[in-house]
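**Q** So that we are looking at the same thing, I have put the structure below in structure tokens.
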Amino acid sequence: MSKFKKKRGATSAAISTASLPDIIFMLLFFFMVVTVLRDSELKINVVTPHATELIKLEEKSLVNYIYIGKPKQKFQEIYGTSPRMQLGDKIATVGEIPLFLEQHRIKVMEQKRPRIITSLRVDGDVTMGIVQDVKTQLRKSGQFKVNYSAKQRAKD
Amino acid sequence: MARNRSRMSNEINAGSMADIAFLLLIFFLVTTQIVEDKGIMVKLPPWSEEEPDITKLKKRNVFSVLVNAQNQLLVRGEVESVSTLKEKAKEFIWNPKKREDLAEKPTKAIISLKNDRGTNYKTYLEVYNELKAAYNELWTEEVLRGVQRGDYPAKYKEYSDDLPLHIRKEVRSKIPFVLSEAEPTAFGEE
Chain A
1 MSKFKKKRGA TSAAISTASL PDIIFMLLFF FMVVTVLRDS ELKINVVTPH ATELIKLEEK
61 SLVNYIYIGK PKQKFQEIYG TSPRMQLGDK IATVGEIPLF LEQHRIKVME QKRPRIITSL
121 RVDGDVTMGI VQDVKTQLRK SGQFKVNYSA KQRAKD
Chain B
1001 MARNRSRMSN EINAGSMADI AFLLLIFFLV TTQIVEDKGI MVKLPPWSEE EPDITKLKKR
1061 NVFSVLVNAQ NQLLVRGEVE SVSTLKEKAK EFIWNPKKRE DLAEKPTKAI ISLKNDRGTN
1121 YKTYLEVYNE LKAAYNELWT EEVLRGVQRG DYPAKYKEYS DDLPLHIRKE VRSKIPFVLS
1181 EAEPTAFGEE
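Those protein sequence lines, which keep their order, are chains A and B.
Quick note, in my numbering, the first sequence goes up one by one and the last residue is 156.
Quick note, in my numbering, the second sequence goes up one by one and the last residue is 1190.
Written out as structure tokens, the structure reads:
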């Protein structure tokens, strides 16, 4: 009995923290890999609507984004308050879409080009007029695969 | 004494390593935005100058949906709400009672969607979502029937992208998703 007691007293209470950095580094690397540093700052407000029949976009390099929404408060002096479209990091007009698509296309490997998807990130409160113009332009430019970006909503 | 000191400097104190790593970790935690990259997939039709003429089709095969600038729905000439649209569409496409005024068969059913320029995008997407949901449910039912017949392995319980491509193609050829979108009328533009 006394032997037992002695043993417990002898073990040091401190836990070795030598492997702590390794654990933290592992977490760090996870977040570094997962992080997508956004290359374009949004000048417009985009709150995508909710929907149920969603499909996940797998290959990010095959996706280009078109944003539509009302300009943010600080940009309203320049761009007004009616809905505008943003390509990359600047507000653009519908006529600039073909060039934008082409600039993305040349970065993609040739055999993957038919799989390019345009993701339309459109604010829920925007009227269909501008969306329709963008869709028409996409059809004219031969970009038929489109994804209406939306958030998941629980089914019924 | 000197020898003692040199031996000590051989070992770098790694105790602060965790702090540095923590700092970096917190930086990435704060800057990370896990972007939800999900949405409704749509295949747009190629551009053509002339409008597709749905009046040539038999009236019973066309499921016309109109969404106006006030975000109201008109389905086959009747005022409808988004919540009942899916069931209506399913009944129309599948036509279980073989009614005279609904689609002859699923392969002949065509959904015609038309909106105003002033229609809210949110409403438009909701309507599109319901129509897509109707087809997704019909496809799931078709898969389940296939499982019952013994054509497909019993592990498949719903229509999804996990199904092998040939099954998906077969199901979709039985109940093809045909949605024709007319050019919107210029009402209520902001």
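We put the beta carbon where it would ideally sit given N, CA and C, even for glycine.
Taking Cβ positions only, does Glu53/A come closer than 7 angstroms to chain B?
**A** yes
**Q** Using only alpha-carbon positions, find the residue among Ala1089/B, Arg1149/B, Ala1154/B, Asn1061/B that is nearest to Val991/B.
**A** Since the first residue shown for chain B is 1001 and the last is 1190, residue 991/B is missing from the structure and cannot be characterised.
**Q** So, for Ala92/A: in the same chain, excluding its five sequence neighbours on each side, which residues have a beta-carbon less than 8 angstroms away from its beta-carbon?
**A** Met85, Gln86, Phe100
**Q** Ordered along the chain, which non-local residues of its own chain (more than five positions away) have a Cβ less than 6 angstroms from that of Asp1101/B?
**A** Arg1060
**Q** Determine the extent of the alpha helix (DSSP H) in which Phe1028/B is found, giving its start and end residues.
**A** 1017-1031
**Q** I want to see whether chain A comes within less than 7 angstroms of Asp1162/B, judged by CB atoms only; does it?
**A** no
**Q** Does Ile78/A have its Cβ less than 7 angstroms from a Cβ in chain B?
**A** So no, Ile78/A is outside the interface.
**Q** Ignore the nearest five residues each way along the sequence and tell me which others in Ala1103/B's own chain have a CB closer than 7 angstroms to its CB.
**A** Excluding sequence positions up to five before and after Ala1103/B, its CB lies within less than 7 angstroms of the CB of Arg1060, Asn1061, Phe1092, Ile1093, Asn1095, Ala1109, all in the same chain and listed in chain order.
**Q** Where Met1001/B and Ile23/A are concerned, what is the direct C-alpha to C-alpha distance, given to the nearest angstrom?
**A** Confidence at Met1001/B is low in this model, with a pLDDT of 46, below 50, so its placement is unreliable and no value can be given for it.
**Q** Starting from the C-beta of Phe1177/B, find all residues in its chain whose C-beta is less than 7 angstroms away, skip the five residues before and the five after it, and write them out in chain order.
**A** Tyr1135
**Q** Mapping the DSSP letters down to three states, classify Ser1083/B as helix, strand or coil.
**A** In the structure shown, Ser1083/B sits in a helix (DSSP, three-state: H, G or I).
**Q** If Ala1021/B sits next to Leu28/A, beta carbons under 8 angstroms apart, how far is it from one beta carbon to the other, in whole angstroms?
**A** 6 angstroms
**Q** Anything in the segment 1148-1176 of chain B with a Cβ closer than 9 angstroms to a Cβ of chain A? List those residues in chain order, please.
**A** Asp1161
**Q** For Ile97/A and Ser141/A, which I take to be in contact (beta-carbon distance under 8 angstroms), what is that distance rounded to the nearest angstrom?
**A** 6 angstroms
**Q** Using the Cβ count rule (16 or more neighbours within 10 Å means buried), how would you classify Thr127/A?
**A** Buried: at least 16 other Cβ atoms inside 10 Å.
**Q** Keeping to the same chain, check which residues put their C-beta closer than 6 angstroms to that of Glu1200/B; ignore five residues upstream and five downstream.
**A** The structure shown does not extend to residue 1200/B, since chain B spans only 1001 to 1190, so no value can be given for it.
**Q** At the level of alpha carbons, what is the spacing between Tyr1124/B and Arg113/A?
**A** 29 angstroms
**Q** Would you decide whether Ala1154/B is buried or exposed? Buried here means 16 or more other CB atoms lie within 10 Å of its CB.
**A** exposed
**Q** Taking three-plus beta-carbon pairs below 8 angstroms as touching, is the segment 1023-1042 of chain B in contact with the segment 77-84 of chain A?
**A** no
**Q** Enumerate in chain order the residues of its own chain whose CB-to-CB distance from Leu54/A is below 8 angstroms, with the five nearest sequence positions on each side excluded.
**A** For Leu54/A, where only same-chain residues beyond five positions count, the Cβ hits under 8 angstroms are Ala150, Gln152.
**Q** Please specify which runs of the beta strand (DSSP E), each continuous and at least 3 residues long, are wholly inside the segment 77-121 of chain A, giving them in chain order.
**A** 84-87, 90-92
**Q** Can you tell me which of the three DSSP states Lys1169/B falls into?
**A** helix
**Q** Are the beta-carbon atoms belonging to Val47/A and Asp133/A less than 7 angstroms from one another?
**A** no
**Q** Determine, using beta carbons only, whether Arg1145/B comes closer than 7 angstroms to chain A.
**A** Arg1145/B does not count as touching chain A.
**Q** Name, please, each residue of chain A whose Cβ falls closer than 7 angstroms to the Cβ of Phe1063/B.
**A** Within 7 angstroms Cβ-Cβ: nothing; Phe1063/B doesn't reach chain A, min ~17 angstroms.
**Q** Leaving out five residues before and five after Ser119/A in sequence, what residues of the same chain have Cβ atoms less than 6 angstroms from its Cβ?
**A** Val63, Tyr65, Asn147, Ser149
**Q** Look up Ser1064/B in the DSSP assignment and give the residues it is bridged to.
**A** Ser1112/B
**Q** Closer than 8 angstroms by C-beta to Val131/A: which residues in its own chain qualify, once you throw out the five before and the five after it? Chain order, please.
**A** Ile68, Leu120, Val122
**Q** Against chain B, does Gln86/A count as a neighbour if the rule is that its beta carbon must be under 7 angstroms from one of theirs?
**A** no
**Q** Classify Ser1173/B: buried if its beta carbon has 16 or more other beta carbons within 10 angstroms, exposed otherwise.
**A** exposed
**Q** From the DSSP secondary-structure annotation, give me the bridge partner or partners of Pro71/A.
**A** Residue pairing of Pro71/A in beta bridges, as defined by DSSP: Ile44/A.
**Q** Run through chain B and tell me which residues come within less than 7 angstroms of Val131/A, C-beta to C-beta.
**A** Those within 7 angstroms of Val131/A in chain B are Tyr1121.
**Q** Helix, strand or coil: how does DSSP classify Ala1089/B here?
**A** helix
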